[in-house]
Each structure stands twice: as C-alpha cells, then as structure tokens.
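Some notes on the structure that comes next.
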Amino acid sequence: MKFSNRCIQANLQHAKAATYVLSRRFKEEQLDIAFIQEQHRSGPGLKPRACILIRNYIQHFMLTGYCTADVTAAHSIQYIEAGHRPAVTYRDGSLYRLGRLQDFATAWAKELSNNYQESG
Numbered sequence: 086m087k088f089s090n091r092c093i094q095a096n097l098q099h100a101k102a103a104t105y106v107l108s109r110r111f112k113e114e115q116l117d118i119a120f121i122q123e124q125h126r127s128g129p130g131l132k133p134r135a136c137i138l139i140r141n142y143i144q145h146f147m148l149t150g151y152c153t154a155d156v157t158a159a160h161s162i163q164y165i166e167a168g169h170r171p172a173v174t175y176r177d178g179s180l181y182r183l184g185r186l187q188d189f190a191t192a193w194a195k196e197l198s199n200n201y202q203e204s205g
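Position in the sequence shown counted from 1, then plus 85, gives you the working numbering.
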C-alpha cells in the first residue's frame, strides 16, 4: 500500500495576494502539507519567516527544539486505519534563507535521520 502526501513549497515574499493564492491552491488541489517562507504578517508579536501548514487529518506535532523564527520543524504520522500502528512517519521542515542556515540545516537533517533510523 502506498502512502503519499501532496505537498507544496512557496516563498510568499510577505504578499497578501500570494497568501490568498496559496490558501486557494491548498484547498482546491487538496494539498496535505505546505512549506511556507516569508508569509504575510500583520500585527504585533513574533513574526516567523518560516511555517508549515498541515491538514487536520494528518497527526503531527511540532519539534519545538528545532524551531526558530527561520526554521519550523514537525513530525507527522499517517495510519493505515484508526488505532493501528503507523504506516508512514515524516520529519517535515521549512527553512528560511537556507544559505545562511546551511550548517544548522545539515546538522538538523542528520539528527532527524539518525532519530528515524533508531525508531524505524
């Protein structure tokens, strides 16, 4: 049995129109996960430059130890049927300015890979 998620990656360059287009595509194309950089932001408070949009039916949790304003990390799980063991697990990440974060991203990917092999 094959499991796959329909994903999209987008740098929205802080534009409202691009945010609208992504939201429409996410709904119309029935996408499961969106890796987003430079999303439109308004109002006071934390203004992250990377985020992940994950459908409610995909069980997931944030890997907060890896999250910063420039990095968002999550672990998502798909089950064959409710109550059964996981069929597929994913480590998801959205990075802003990979060039500046190259060393961090490489170390993060290596650690996630090691964790996956240990739990696999």
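Built from N, CA and C at the ideal position, the CB exists for glycine as well.
Quantities reported herein were computed from a predicted structural model and do not represent experimental measurements.
Environment of residue i [buried if 16+ CB atoms lie within 10 Å]
i      : result
Tyr181 : buried
Gln122 : buried
Gly130 : exposed
Ser161 : buried
Ile149 : Sequence check: residue 149 is Thr here, not Ile. Exposed, since its Cβ has fewer than 16 Cβ neighbours within 10 Å.
Gly128 : exposed
Val106 : exposed
Ala159 : buried
For residue i, three-class secondary structure by DSSP
i      : result
Ser127 : coil
Thr153 : coil
Ala102 : helix
Leu107 : helix
Ile162 : strand
Ile143 : coil
Leu97  : coil
Presumed contact (8 angstroms Cβ cut-off) between residue i and residue j, rounded CB distance
i      : j      : result
Ile93  : Arg110 : 7 angstroms
Pro133 : Ala154 : 5 angstroms
Same chain only: Cβ atoms within 7 angstroms of residue i, ignoring 5 sequence neighbours per side
i     : result
Asn96 : Gln122 and Glu123
Contact set for residue i: own chain, Cβ-Cβ below 6 angstroms, skip 5 residues either direction
i      : result
Asn90  : Asp117 and Ile118
Arg140 : Asp117
His99  : Glu123 and His125
Thr157 : Ala135, Cys136, Ile137 and Ser179
Residues near residue i by beta carbon distance below 8 angstroms, same chain, minus five either side
i      : result
Asp101 : The sequence given here places Lys at residue 101; Asp does not occur at that position. Same-chain partners within the cutoff: His125.
His145 : Ile139, Ala159, His160, Ser161, Ile162 and Asp177
Cross-strand partners of residue i (DSSP beta bridge)
i      : result
Gln115 : Its beta-bridge partners do not exist; DSSP assigns none.
Leu148 : In the DSSP output, where bridge partners are listed per residue, Leu148 has none listed.
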